[in-house]
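Every letter in the sequence shown is one number past the one before it in full-length UniProt numbering, and letter 414, counting from 1, is 414.
For every residue, glycine included, the Cβ atom is placed at its ideal position computed from N, Cα and C.
Working notes for the structure below.
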Amino acid sequence: MRFDVVTLFPDMLQGLFAEGVVGRALQSDDLTLNCVNPRDFTSDVHRTVDDTRYGGGAGMLMKAPPLAQAVQSLPRRPGSRVIYLSPQGKPLTQHKVRQLAQQEQLILVCGRYEGVDQRFIDHYVDEEISIGDYVISGGELAAGVVIDSVARCIPGVVGQVQSVVEDSFFEGLLDAPHYTRPAQFEGEAVPDVLASGHHEKIEDWREQQALERTWQQRPDLLEECRLGTGQRRLLRDLLEQENLQRGQRGSNVSIALVHHPVYNKHRDTITTSVTNMDLHDISRTVRTFELDRYYVVTPVKSQHELIARITHHWTSGYGSTYNPNRKEAFDQMVVVSTLEEVRQRCSAKGERLVVTVTSANPASTSITYPQLARRIEEQRQGEHHLILFGTGWGLTDEIMAQADLVLPPIDGNGRYNHLSVRSAVAIIMDRLFRYYRQP
Numbered sequence: 001m002r003f004d005v006v007t008l009f010p011d012m013l014q015g016l017f018a019e020g021v022v023g024r025a026l027q028s029d030d031l032t033l034n035c036v037n038p039r040d041f042t043s044d045v046h047r048t049v050d051d052t053r054y055g056g057g058a059g060m061l062m063k064a065p066p067l068a069q070a071v072q073s074l075p076r077r078p079g080s081r082v083i084y085l086s087p088q089g090k091p092l093t094q095h096k097v098r099q100l101a102q103q104e105q106l107i108l109v110c111g112r113y114e115g116v117d118q119r120f121i122d123h124y125v126d127e128e129i130s131i132g133d134y135v136i137s138g139g140e141l142a143a144g145v146v147i148d149s150v151a152r153c154i155p156g157v158v159g160q161v162q163s164v165v166e167d168s169f170f171e172g173l174l175d176a177p178h179y180t181r182p183a184q185f186e187g188e189a190v191p192d193v194l195a196s197g198h199h200e201k202i203e204d205w206r207e208q209q210a211l212e213r214t215w216q217q218r219p220d221l222l223e224e225c226r227l228g229t230g231q232r233r234l235l236r237d238l239l240e241q242e243n244l245q246r247g248q249r250g251s252n253v254s255i256a257l258v259h260h261p262v263y264n265k266h267r268d269t270i271t272t273s274v275t276n277m278d279l280h281d282i283s284r285t286v287r288t289f290e291l292d293r294y295y296v297v298t299p300v301k302s303q304h305e306l307i308a309r310i311t312h313h314w315t316s317g318y319g320s321t322y323n324p325n326r327k328e329a330f331d332q333m334v335v336v337s338t339l340e341e342v343r344q345r346c347s348a349k350g351e352r353l354v355v356t357v358t359s360a361n362p363a364s365t366s367i368t369y370p371q372l373a374r375r376i377e378e379q380r381q382g383e384h385h386l387i388l389f390g391t392g393w394g395l396t397d398e399i400m401a402q403a404d405l406v407l408p409p410i411d412g413n414g415r416y417n418h419l420s421v422r423s424a425v426a427i428i429m430d431r432l433f434r435y436y437r438q439p
């Protein structure tokens with residue numbers, strides 16, 4: 001693979017890779033590194049590559065002509081890519097590194113000063129890449145990071161292919177901890193499993209450790225990682241263990257489906273009917289996300305009786321043997337007559353009850369989904385969260401005014417916005433609980 005770097009400081013890149021695995025790969029011609037200086041493509045006596053910005057502003061900008069000529073001077077291989085190292089670029093991830101490693105040639109442009117003329121980017125750059133949300137003096141260090149990470153994926157650069165596969169982030173998870181001799185260091189011994197010689201148990205241990213590390217230090221990675229069934233089971237076990245260590249048994253979140261008071265389309269206050277599908281689907285969502293309770297709020301006695309018949313069928317009748325999983329889901333459901341009764345029950349579960357509602361009006365939003373997820377996680381023993389969902393045409397203004405927090409609405413891709421309440425419950429629970437945890 002060939003790396004060409006457009007830089008004002010060629011010696012900086014050459015010195016960076018004088019040694020190490022990339023240095024050895026350069027010596028053996030597995031890789032090629034070539035640096036070109038845009039100053040070599042200037043015509044004035046001072047070899048000027050920068051100038052002031054149109055429109056004013058502090059700092060200088062790299063001029064487009066020297067950069068363009070530097071890029072044009074390079075021999076191009078099929079499928080080569082011109083990359084500008086820029087804070088505005090997409091983040092460099094291991095997935096992107098593997099993509100770049102498929103190319104035969106990468107041309108890396110290192111900016112300096114306040115950046116480069118946008119016209120050079122528009123006409124010559126294929127993509128912009130950032131190595132992080134921080135400021136460094138120029139693109140040379142960023143180019144070095146790209147070269148080193150991509151080179152490791154090139155066959156022959158790293159001696160043992162398996163060591164690359166086991167690197168942190170290669171499969172989306174952080175790496176497991178590693179140990180070498182001596183067996184004892186400052187009173188700490190190497191874990192017994194690593195000295196057992198049982199390779200299957202060792203691999204299981206490493207997988208568990210990698211998952212645990214990722215969960216504790218970089219939970220955001222789990223959003224993009226495709227976990228297998230066994231890994232998901234391990235993750236659930238980790239969550240249960242953490243809750244037990246905190247003295248927290250069960251969830252600190254309940255939801256309530258309100259059938260009264262709610263609005264109809266004319267904004268009259270009404271009582272809506274209970275639906276079989278809402279009972280079933282929301283019960284299953286509550287059980288899936290291991291919430292504390294699912295409260296069904298309706299003052300109508302006949303509706304209580306209907307719910308009792310449906311529940312009996314699935315918990316004690318024929319349905320309990322036909323589909324035992326449904327029985328388990330209905331265990332979390334409680335039927336009450338008023339929202340005040342829900343508040344009283346939930347208030348007994350924490351030092352403070354926090355009531356959250358959803359609104360179709362984005363302007364009324366007071367908290368985002370990540371913010372609420374963080375608050376739920378951090379206040380497990382201090383707060384119990386009750387999330388209200390309205391039927392009909394939504395919760396009344398009185399209920400909305402009494403809420404502590406308001407979540408933003410669920411927006412689709414178009415103007416049609418009429419999700420069923422059971423769909424909204426599932427989406428919101430997924431947003432709040434899908435692997436999120438504040439490190």
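| Alpha carbon to alpha carbon, how far is residue 128 from residue 110? | A direct Cα-to-Cα measurement between residue 128 and residue 110 gives close to 11 angstroms.
| query | Who are the near neighbours of residue 1 in its chain, counting only those whose CB is closer than 6 angstroms to its CB and skipping five residues on each side? | reply | Taken in chain order, the residues that qualify are 31 and 154.
| task | Examine the Cβ distances between the segment 37 to 48 and the segment 14 to 26 and report whether three or more of them are shorter than 8 angstroms. | result | Touching, no, given that fewer than three Cβ pairs across the two stretches are closer than 8 angstroms.
| For residue 70, which residues from the same chain have a beta carbon less than 7 angstroms from its beta carbon, with the 5 sequence-adjacent residues on both sides left out? | If we look at residue 70 and ignore the five residues flanking it on each side, its Cβ neighbours are 6, 36, 38 and 41.
| said: Helix, strand or coil, according to DSSP, for residue 430 in the structure here? | reply: Residue 430: helix per DSSP, three-state reduction.
| request: Could you tell me which uninterrupted alpha helix (DSSP H) segments, each at least 4 residues in length, are contained entirely in the segment 106 to 139, listed from first to last along the chain? | output: Segments of the alpha helix (DSSP H) lying fully in the segment 106 to 139: 118 to 124.
| query | What is the residue span of the alpha helix (DSSP H) that residue 327 lies within? | reply | For residue 327, the enclosing alpha helix (DSSP H) stretches over residues 324 to 330.
| So what does DSSP say about residue 35, is it helix, strand or coil? | In the structure shown, residue 35 sits in a strand (DSSP, three-state: E or B).
| message | Please list the terminal residues of the continuous beta strand (DSSP E) segment that includes residue 399. | response | Counting along the chain, residue 399 sits inside no beta strand (DSSP E); it lies in the alpha helix (DSSP H) bounded by residues 397 to 402.
| message | On the DSSP letters alone, give me the boundaries of the beta strand (DSSP E) that residue 82 sits inside. | response | For residue 82, the enclosing beta strand (DSSP E) has its first and last residue at 81 to 91.
| Does the beta-carbon distance from residue 92 to residue 108 come in below 8 angstroms? | Cβ distance not < 8 angstroms, so residue 92 and residue 108 don't count as in contact.
| request: Report the rounded CA-to-CA distance for residue 199 versus residue 235, giving the unit in angstroms. | output: Each residue's Cα considered, the two are about 22 angstroms apart.
| Touch check for the segment 400 to 411 and the segment 265 to 279: three-plus C-beta pairs under 8 angstroms? | Counting Cβ pairs under 8 angstroms, fewer than three are found: no touch.
| said: By the three-class DSSP mapping on this structure, what secondary structure does residue 165 have? | reply: Its pLDDT being 47, under 50, residue 165 is placed unreliably in this model, and the coordinates cannot settle the point.
| field | Which of helix, strand or coil DSSP assigns to residue 186 | value | If DSSP states are grouped into helix, strand and coil, residue 186 belongs with coil.
| task | Would you identify the three-state DSSP class for residue 41, choosing helix, strand or coil? | result | In this structure, residue 41 counts as helix in the three-state DSSP scheme.
| query | Are there three or more Cβ pairs, one per stretch, closer than 8 angstroms when the segment 365 to 379 is compared with the segment 334 to 348? | reply | Verdict: no, contact absent.
| query | Is residue 390 helix, strand or coil when you go by DSSP? | reply | Residue 390: strand per DSSP, three-state reduction.
| query | What residue range is occupied by the uninterrupted alpha helix (DSSP H) comprising residue 152? | reply | For residue 152, there is no enclosing alpha helix (DSSP H), as DSSP gives it neither H nor E.
| field | Option nearest residue 444 by Cα separation, candidates 433, 326, 284 and 257 | value | Since the first residue shown for the chain is 1 and the last is 439, residue 444 is missing from the structure and cannot be characterised.
| Buried or exposed: where does residue 79 fall if 16 or more other Cβ atoms within 10 Å of its Cβ makes it buried? | So residue 79 counts as exposed.
| field | C-alpha distance - residue 343 paired with residue 325, whole-angstrom precision | value | Rounded to whole angstroms, residue 343 to residue 325 spans 29 angstroms at the Cα level.
| Are residue 87 and residue 149 close, meaning C-beta to C-beta below 8 angstroms? | Cβ atoms of residue 87 and residue 149: not closer than 8 angstroms.
| query | Excluding the five sequence neighbours on either side, which residues of its own chain have a C-beta within less than 7 angstroms of the C-beta of residue 112, listed in chain order? | reply | So the qualifying residues of the chain are 8, 62 and 138.
| task | With a threshold of 16 other CB atoms inside 10 Å of the CB of residue 135, please say whether the residue is buried or exposed. | result | Burial call: exposed.
| request: In the DSSP assignment, find the alpha helix (DSSP H) that holds residue 316 and state where it starts and stops. | output: DSSP places residue 316 in no alpha helix (DSSP H); its state is neither H nor E.
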